[in-house]
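The structure appears below as structure tokens.
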Amino acid sequence: MWEIRVKMSEALESIARPKYWDTSRDIKGNFDYNSTRIAFLISAADSDLSYEERSVFNYVFDTEYSHPKFERMALEFVGGDLVDIISEIPDYFVSAVLFDSTEREEFSQLAYNYVKCLCVLFLSISGEGSESKAALIYLHLKSLKNYAARHHVFINDDLLPDIQIETDTQTMDTGVAKNSILAPIAQEKINKPELIPEENSQEEADDIDSLLTELDSLIGLSNVKSDVKSLTNLIRVQRLRESRGLSVAPMSLHLVFTGNPGTGKTTVARLLGKIYKSLGILSQGHLIEVDRSGLVAGFVGQTAIKTKEIASKANGGILFIDEAYSLYGSENDYGKEAIETLLKHMEDNRHDFILIVAGYNDQMERFLSSNPGLRSRFNKFLAFNDYNRDEMTQIFLKFSKEAGYLIDDEALRQVVKFFDRRIEITGNAFSNARDARNAFEYIIAKQADRVINHNLSKNDDIIRIVEDDVNSLSML
Numbered sequence: 008m009w010e011i012r013v014k015m016s017e018a019l020e021s022i023a024r025p026k027y028w029d030t031s032r033d034i035k036g037n038f039d040y041n042s043t044r045i046a047f048l049i050s051a052a053d054s055d056l057s058y059e060e061r062s063v064f065n066y067v068f069d070t071e072y073s074h075p076k077f078e079r080m081a082l083e084f085v086g087g088d089l090v091d092i093i094s095e096i097p098d099y100f101v102s103a104v105l106f107d108s109t110e111r112e113e114f115s116q117l118a119y120n121y122v123k124c125l126c127v128l129f130l131s132i133s134g135e136g137s138e139s140k141a142a143l144i145y146l147h148l149k150s151l152k153n154y155a156a157r158h159h160v161f162i163n164d165d166l167l168p169d170i171q172i173e174t175d176t177q178t179m180d181t182g183v184a185k186n187s188i189l190a191p192i193a194q195e196k197i198n199k200p201e202l203i204p205e206e207n208s209q210e211e212a213d214d215i216d217s218l219l220t221e222l223d224s225l226i227g228l229s230n231v232k233s234d235v236k237s238l239t240n241l242i243r244v245q246r247l248r249e250s251r252g253l254s255v256a257p258m259s260l261h262l263v264f265t266g267n268p269g270t271g272k273t274t275v276a277r278l279l280g281k282i283y284k285s286l287g288i289l290s291q292g293h294l295i296e297v298d299r300s301g302l303v304a305g306f307v308g309q310t311a312i313k314t315k316e317i318a319s320k321a322n323g324g325i326l327f328i329d330e331a332y333s334l335y336g337s338e339n340d341y342g343k344e345a346i347e348t349l350l351k352h353m354e355d356n357r358h359d360f361i362l363i364v365a366g367y368n369d370q371m372e373r374f375l376s377s378n379p380g381l382r383s384r385f386n387k388f389l390a391f392n393d394y395n396r397d398e399m400t401q402i403f404l405k406f407s408k409e410a411g412y413l414i415d416d417e418a419l420r421q422v423v424k425f426f427d428r429r430i431e432i433t434g435n436a437f438s439n440a441r442d443a444r445n446a447f448e449y450i451i452a453k454q455a456d457r458v459i460n461h462n463l464s465k466n467d468d469i470i471r472i473v474e475d476d477v478n479s480l481s482m483l
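The opening position of the sequence shown corresponds to residue 8 in my numbering, with each subsequent residue numbered one higher.
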């Protein structure tokens, strides 16, 4: 027992190094809480909370719990969340894995060592019913290892004593002996825990391939598709190098999207979130879309609060700021406060947060030059070119098909002519897919007028767009 306690102390001392805790505030408290919780869970898994278990607990955690208090605390800590805690990944371990995956440190291994030492310690003093404890320990440690492996951080399980698991079906299904003090709660809640699946590089590849296929299905954007695929390949190779112990160059994955409105920037950003999640770069992969009005307040000090709240919602995913250049105004503009708050958030959450800023090309250049910290954090630009006439026509036909309309050949020729004129006349004011949608909505409104005015009721009349419905389209 003394040897295990020494190993735990060594692991804990290493985990508590400032370099780690400085990157994840409140993680120390989470580590302490979850360690205590696991100890209570193991202690309460068999038929009794023994004197030896209470003594060891008090010794390890420097407490002075009496037997009644020890039993009450066990129920309080784990009774309501018995199933969840078996396979849940504590915040401290998530942070350690994310940190290790980019900095090539070994805090995940140290944290795992501590938890396993703790588990072995309490298992070693068990008598009857130790298989119940072993089952819980096995499931929890397996969840930690699988989570780390999914993020290309690999745990060496040979450094510590192995845990022998009895294969009793009842025990493995519940992790709790029938005569445990937690059994009544377990019977109400227990379902076989869904563990995080073992790492499967082929499944990951299939998932990435399906997302890239979805990207390919978008109309136009050939250069963007190529850039996203190159970026994906770079990340995959970096992950592979990391798993082989090779050096990995630091990368910034924050992006600048440039181009006119309606070119699919938000759609691509949403797909990137899914791709990054599949690659293990982001924990959730969701997209939060916002513009200046969602970040900037009207009074001193409020902008920082508002911006931080929005950015925090994007943690684990992507914050997408459209027309980001509007954040930079005069010297006294509150947008500067929003920019400074975002820069700090990017640094504090650099392992699980990505920022994409979007807008017109010239304005975005001026925006990035407005603050020295911005330019250094964005070194990848994706240019979203305007759609040509044929691509606009494909988009229009896509809207028509999804809405259940058919368009006559002559009506379609008129639509194509409209797009030709629209592209030629509007120039920089061209709104791409938004123009296609506006044209479609205008046409079906005209078609509805024709159907009602002529008392048409056949299905073919209701779904068909004809030349008369398109003739006035040039007025848009």
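By construction, the Cβ of each residue, glycine as well, lies at the ideal position given by its N, Cα and C atoms.
C-alpha of Asp98 to C-alpha of Glu60: approximately 26 Å in a straight line. Less than 8 Å separates the beta-carbon of Val104 from that of His158. In summary, Arg429 is buried, with 16 or more beta-carbon neighbours lying within 10 Å of its beta-carbon over all protein chains present. By the Cβ criterion, the region 418–425 is not in contact with the region 376–383, since fewer than three pairs of Cβ atoms, one from each stretch, lie closer than 8 Å. When Ile49, Ala52, Leu48, Phe77 are compared, the shortest CA-CA separation from Ser62 is found for Phe77. In chain order, His159, Phe161 place their CB closer than 8 Å to the CB of Ser250, counting only its own chain and leaving out the 5 sequence neighbours on each side. Here the C-alpha atom of Leu278 lies approximately 23 Å from the C-alpha atom of Thr400. Counting along the chain, the unbroken beta strand (DSSP E) around Ile325 starts and ends at 325–328. Gly308 is classed as exposed because its beta carbon has fewer than 16 other beta carbons within 10 Å across all chains shown.
As DSSP reads the structure, Leu362 sits in a beta bridge with Leu326. A Cβ-Cβ distance of about 18 Å is found for the pair Asp427 and Thr270, leaving them out of contact under the 8 Å criterion. Counting along the chain, Ile288 sits inside no alpha helix (DSSP H), nor does DSSP assign it H or E at all. Per the coordinates, the alpha-carbon of Lys387 lies some 17 Å from the alpha-carbon of Glu330. Distance from Phe264 to Ala156 at the Cβ level is roughly 33 Å; contact not present, criterion being Cβ atoms closer than 8 Å.
Burial check for Ser73: the Cβ neighbour count within 10 Å stays below 16, so the residue is exposed. Lys387: member of the beta strand (DSSP E) spanning 387–391, first to last residue. Burial is judged here by how many other beta carbons sit within 10 angstroms of a residue's own beta carbon; Asp39 has fewer than 16 and is exposed.
The distance from the Cβ of Phe391 to that of Lys272 is about 6 Å, consistent with a contact at the 8 Å cut-off. In the structure shown, the three-state DSSP call for Val67 is helix. Note on the region 231–280: whole beta strand (DSSP E) runs with a minimum of 3 residues are 262–266, in chain order. Residue state for Ile226 is assigned as coil, using DSSP reduced to three classes.
Assigned with DSSP and collapsed to three states, Ile96 falls in coil, not helix or strand. By the Cβ-count criterion, Thr70 is exposed, with fewer than 16 other Cβ atoms from all chains shown falling within 10 Å of its own Cβ. In the DSSP assignment, Arg457 falls within the alpha helix (DSSP H) that extends over 440–460.
Per DSSP, reduced to three states, the secondary structure at Glu474 is helical. In terms of CA proximity to Cys124, Ile45 leads the group Arg243, Tyr154, Ile45. Inter-segment contact for the region 229–246 and the region 318–329 is absent: fewer than three beta-carbon pairs are separated by less than 8 Å. Your pair Leu302 and Lys320 does not check out as a contact, with CB atoms roughly 12 Å apart and the cut at 8 Å.
Residue environment for Ile459: exposed (fewer than 16 other C-beta atoms within 10 angstroms of its C-beta). Rounded to the nearest whole angstrom, the C-alpha separation of Lys140 and Phe64 is 15 Å. Spatial neighbours of Leu225 in its own chain (CB-CB distance under 7 Å, excluding positions within 5 residues in sequence) are listed in chain order as Gly271, Thr274. Residues Met399, Ile402, Phe403 of the same chain have their beta carbon placed closer than 6 Å to that of Ala443, with the five preceding and five following residues left out of the count. Annotated three-state conformation of Leu56 is coil, per DSSP.
Its Cα nearest to that of Lys351, the residue Ala318 stands out among Ser150, Gln370, Ala318. In the three-state reduction of the DSSP assignment, Ile295 falls in the strand class, which pools E and B.
Beta bridge pairing from DSSP links Leu413 with Arg471.
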